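Novice: Those protein sequences? They're chains A and B, same order as listed.
So for the first sequence, this note's numbering puts the first residue at 1; every next one is plus one.
So for the second sequence, this note's numbering puts the first residue at 1; every next one is plus one.
Structure incoming, see below.
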Amino acid sequence: MKTAGLIIVILAGAILLYATQDFPPWGAPDSPASTHVSPRYLQKSMEETAVPNVVTSVLADYRGFDTMFETSVIFCAGIGCFALLRIFRKKPEDRYYRHIATEITLHIKGGRIPEKSSEFERIDALWTPYDLIIKTVCRILVPFIQLFALYVIAHGHHSPGGGFQGGVILGASMILIAISYNMRTAIARISEKTDNLLMATGVFIYAGIGTLCLILGANFLDYSGLSTILFSGPIMARSHGIFGVEIGVGITVMAVMISIYNNLASEGKQDEGL
Amino acid sequence: MIWQLDLAILTLVIVTAIAAISVKDLLGCAILFGAYSFLMCLLWAIMAAVDVAFTEASVGAGVSTVFFVAAVFRTTRRTRD
Chain A
1 MKTAGLIIVI LAGAILLYAT QDFPPWGAPD SPASTHVSPR YLQKSMEETA
51 VPNVVTSVLA DYRGFDTMFE TSVIFCAGIG CFALLRIFRK KPEDRYYRHI
101 ATEITLHIKG GRIPEKSSEF ERIDALWTPY DLIIKTVCRI LVPFIQLFAL
151 YVIAHGHHSP GGGFQGGVIL GASMILIAIS YNMRTAIARI SEKTDNLLMA
201 TGVFIYAGIG TLCLILGANF LDYSGLSTIL FSGPIMARSH GIFGVEIGVG
251 ITVMAVMISI YNNLASEGKQ DEGL
Chain B
1 MIWQLDLAIL TLVIVTAIAA ISVKDLLGCA ILFGAYSFLM CLLWAIMAAV
51 DVAFTEASVG AGVSTVFFVA AVFRTTRRTR D
């Protein structure tokens with residue numbers, strides 16, 4: 001069976017490689033892609049949307065529907081992971097606490113010490129001693145990562161980047177907190193409820209901007225219709241509309257990344273993580 | 001495009017791809033997959049698709065590796081086949 005599969009895979013790969021010979025060479029100026037659509041975008045993008053980065057203007061303006069449903073797909077991925085992994089267990093579990101003064105570890109079965117106790121610290125079952133260097137470096141690094149993520153979202157008009165990349169970096173900064181401290185520290189900063197709300201908020205912002213254009217008399221996701229409420233010309237309104245949409249994408253992607261990580265690393269209990 | 005650099009990266013892509021599906025240790029597989037994503041990111045950057053390279057670096061090499069490691073941590077580290 002294994003050899004048969006290998007033969008099929010090699011055959012299919014050989015056919016695919018043979019078929020690529022029909023493609024125009026890389027970056028050929030006379031290929032269909034660079035004779036019809038690309039010149040139109042490259043020449044008109046700047047004067048129509050005032051966005052120097054053509055990729056951003058194509059993704060968020062000319063192909064706005066695509067990006068909206070991509071965001072919805074990511075939202076659905078988050079919902080799917082939540083539905084598959086999350087478990088709400090009511091019965092008390094074994095918990096481990098550490099007495100801070102004496103460093104004695106307590107194993108409590110089926111009960112708990114009051115969470116707000118200043119003498120005891122809750123620790124994970126698979127607890128490893130905290131490394132001061134890792135904790136400090138991550139604590140110092142996280143604000144810079146988040147600042148960079150915001151820069152990537154806000155500067156997507158001029159440089160590579162945008163909502164997806166910035167959102168992933170924002171989510172990664174929260175995951176870094178969850179890895180370097182513990183999952184409860186990260187959940188104390190963005191609770192599960194907030195996270196799930198943010199997941200929906202991003203898609204809502206995107207679709208809401210599209211609907212706002214519809215209400216103001218333009219087509220769905222035609223941001224030039226926003227010029228009446230943004231007090232700017234239709235070209236700058238398109239630029240601002242792209243920015244609003246990128247923020248929506250960023251919020252959804254960030255929340256989904258945090259949600260998937262939290263559910264995956266804690267077996268759906270959102271309590272003890274990696 | 002510099003063809004020597006291209007050739008080196010493409011060879012490494014194939015090597016990491018084959019290694020990632022043949023290695024028995026799933027944690028190593030996750031790391032190899034991250035390396036594969038990073039090499040793909042380099043390829044996109046060479047082909048001047050910087051936006052795609054950025055996405056590949058943040059999603060493929062960054063977050064999905066963390067997801068794989070988290071999944072391996074909560075399941076088993078060894079594969080049977």
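Heads up, the beta-carbon is just placed ideally off N, CA and C, and yes, glycines get one too.
These numbers come from a predicted model, not from an experiment.
Would you tell me roughly how many angstroms separate the C-alpha atoms of I79(A) and N196(A), rounded to the nearest one?
Specialist: Locating residue 79(A) in the first sequence gives position 79, where the first residue counts as 1. Locating residue 196(A) in the first sequence gives position 196, where the first residue counts as 1. Going from the Cα of I79(A) to the Cα of N196(A) covers about 9 Å.
Novice: For a minimum of 4 consecutive residues, which ranges assigned as the alpha helix (DSSP H) are wholly contained in the stretch 68-141 of chain A?
Specialist: The stretch 68-141 of chain A contains no whole alpha helix (DSSP H) run of 4 or more residues.
Novice: Below 8 Å, how does it come out for the stretch 194-213 of chain A and the stretch 242-259 of chain A: are there three or more Cβ pairs, yes or no?
Specialist: Yes, they touch.
Novice: From the DSSP output, which residues share a beta bridge with D25(B)?
Specialist: Here the question's residue 25(B) lines up with position 25 in the second sequence. DSSP lists R78(B) as partners of D25(B).
Novice: Do the stretch 8-24 of chain B and the stretch 18-28 of chain A touch if we need at least three Cβ pairs shorter than 8 Å?
Specialist: Judged by Cβ distances under 8 Å, the stretch 8-24 of chain B makes no contact with the stretch 18-28 of chain A, as fewer than three pairs qualify.
Novice: Using three-state DSSP, classify A50(A) as helix, strand or coil.
Specialist: Locating residue 50(A) in the first sequence gives position 50, where the first residue counts as 1. In the structure shown, A50(A) sits in coil (DSSP, three-state: anything other than H, G, I, E or B).
Novice: Can you give me the C-alpha to C-alpha distance between T136(A) and G171(A), rounded to a whole angstrom?
Specialist: Locating residue 136(A) in the first sequence gives position 136, counting from the first residue. Locating residue 171(A) in the first sequence gives position 171, counting from the first residue. One C-alpha to the other measures close to 19 Å.
Novice: So H155(A) and P52(A) are in contact, right, with Cβ under 8 Å, and what is the actual spacing, rounded?
Specialist: Against the first sequence, residue 155(A) aligns to sequence position 155. Against the first sequence, residue 52(A) aligns to sequence position 52. That belief does not hold up - the Cβ atoms of H155(A) and P52(A) are roughly 11 Å apart, past 8 Å.
Novice: Going along chain B, which residues have a C-beta under 7 Å from P160(A)?
Specialist: What you label residue 160(A) is simply residue 160 of the first sequence in a count that begins at 1. Correct list: V50, D51 and F54.
Novice: If we count the other Cβ atoms within 10 Å of its Cβ and call it buried at 16 or more, is P160(A) buried or exposed?
Specialist: Taking the first sequence and counting its residues from 1, one reaches residue 160(A) at position 160. So P160(A) ends up on the buried side.
Novice: Locate the alpha helix (DSSP H) running through N240(A), then write down its first and last residues.
Specialist: Numbered from its first residue, the first sequence carries residue 240(A) at position 240. Checking the sequence shown, residue 240(A) turns out to be His, not Asn. H240(A) -> alpha helix (DSSP H) spans P234 to A265.
Novice: Given a threshold of 16 other Cβ atoms within 10 Å of its Cβ, counted over all protein chains shown, does V61(A) qualify as buried or as exposed?
Specialist: The residue labelled residue 61(A) in the question sits at position 61 within the first sequence. One point to set straight first is that residue 61(A) is Asp, not Val, in the sequence displayed. By the 10 Å Cβ count, D61(A) comes out buried.
Novice: Which residues of chain B have a Cβ atom closer than 9 Å to the Cβ of G171(A), listed in chain order?
Specialist: The residue you call residue 171(A) lines up with position 171 of the first sequence. Neighbours of G171(A) on chain B, chain order: V63.
Novice: Distance check for M46(A) and V168(A), CA to CA, integer angstroms please.
Specialist: For the purposes of this step, residue 168(A) is taken as residue 168 along the first sequence, with counting starting at 1. For the purposes of this step, residue 46(A) is taken as residue 46 along the first sequence, with counting starting at 1. Roughly 27 Å between the two C-alpha positions.
Novice: Measuring from the CB of I7(A), is there a heavy atom of the ligand ADP at a distance below 7 Å?
Specialist: In terms of ligand content, the structure shown is empty, and the ligand ADP therefore cannot be addressed.
Novice: Pull up the distance between the alpha-carbon of E56(B) and that of M40(B), whole angstroms please.
Specialist: What you label residue 56(B) is simply residue 56 of the second sequence in a count that begins at 1. What you label residue 40(B) is simply residue 40 of the second sequence in a count that begins at 1. The alpha-carbon atoms of E56(B) and M40(B) are separated by roughly 7 Å.
Novice: Kindly indicate if chain C contains any beta-carbon less than 8 Å away from that of A70(B).
Specialist: The chain inventory of the structure shown lacks chain C, comprising the protein chains A and B.
Novice: Whole angstroms are fine: how far does the CA of S58(B) sit from the CA of V152(A)?
Specialist: Position 152 of the first sequence, counted from the first residue, corresponds to residue 152(A). Position 58 of the second sequence, counted from the first residue, corresponds to residue 58(B). Distance between the alpha carbons of V152(A) and S58(B) is about 12 Å.
Novice: Could you name the residues of the same chain whose beta carbon sits closer than 6 Å to that of C81(A), not counting the 5 residues immediately before and after it, in chain order?
Specialist: Start at 1 with the first residue of the first sequence, and residue 81(A) comes out as number 81. So the list reads I260 and N263, once near-sequence residues are dropped.
Novice: Taking a cut of 7 Å between CB atoms, which residues from the stretch 29-59 of chain A lie near chain B?
Specialist: So the list reads V55, given in the order they occur along the chain.
Novice: Just the chain B side, please: which residues come within less than 9 Å of V168(A) by C-beta, in chain order?
Specialist: In the first sequence, residue 168(A) corresponds to position 168, counting from 1. Those within 9 Å of V168(A) in chain B are T55, S58, V59, G62 and V63.
Novice: Quick one: using the 10 Å Cβ neighbour count with 16 as the cut-off for buried, is G13(A) buried or exposed?
Specialist: Working through the first sequence from its first residue, we reach residue 13(A) at position 13. Answer is exposed; the Cβ neighbour count stays below 16.
Novice: Can the beta-carbon of L212(A) be found less than 8 Å from the beta-carbon of L230(A)?
Specialist: Indexing the first sequence from 1 puts residue 212(A) at position 212. Indexing the first sequence from 1 puts residue 230(A) at position 230. No, they are not a contact pair.
Novice: For R63(A), which of helix, strand or coil comes out of DSSP?
Specialist: The residue labelled residue 63(A) in the question sits at position 63 within the first sequence. Coil.
Novice: Return the CA-CA distance between L85(A) and E267(A), expressed in angstroms with no decimal places.
Specialist: The residue given as residue 85(A) occupies position 85 in the first sequence. The residue given as residue 267(A) occupies position 267 in the first sequence. C-alpha separation (whole angstroms): 7 Å.
Novice: Give the residues from the stretch 250-274 of chain A that approach chain B closer than 7 Å (Cβ to any Cβ), ordered along the chain.
Specialist: Listed by position along the chain: M257, I260, Y261, L264, A265, E267 and L274.
Novice: May I ask which residues mark the beginning and end of the alpha helix (DSSP H) holding L17(A)?
Specialist: Numbered from its first residue, the first sequence carries residue 17(A) at position 17. Looking at the DSSP string, the run of the alpha helix (DSSP H) that includes L17(A) is K2 to A19.
Novice: Taking the beta carbon of L32(B) as the centre, do at least 16 other beta carbons fall within 10 Å, making it buried, or is it exposed?
Specialist: For the purposes of this step, residue 32(B) is taken as the residue at position 32 of the second sequence. With 16 or more Cβ atoms within 10 Å of its Cβ, L32(B) is classed as buried.
Novice: Would you please verify whether the beta carbon of R74(B) is less than 8 Å from any beta carbon of chain A?
Specialist: Along the second sequence, read from residue 1 onward, the residue named residue 74(B) stands at position 74. So yes, R74(B) belongs to the interface.
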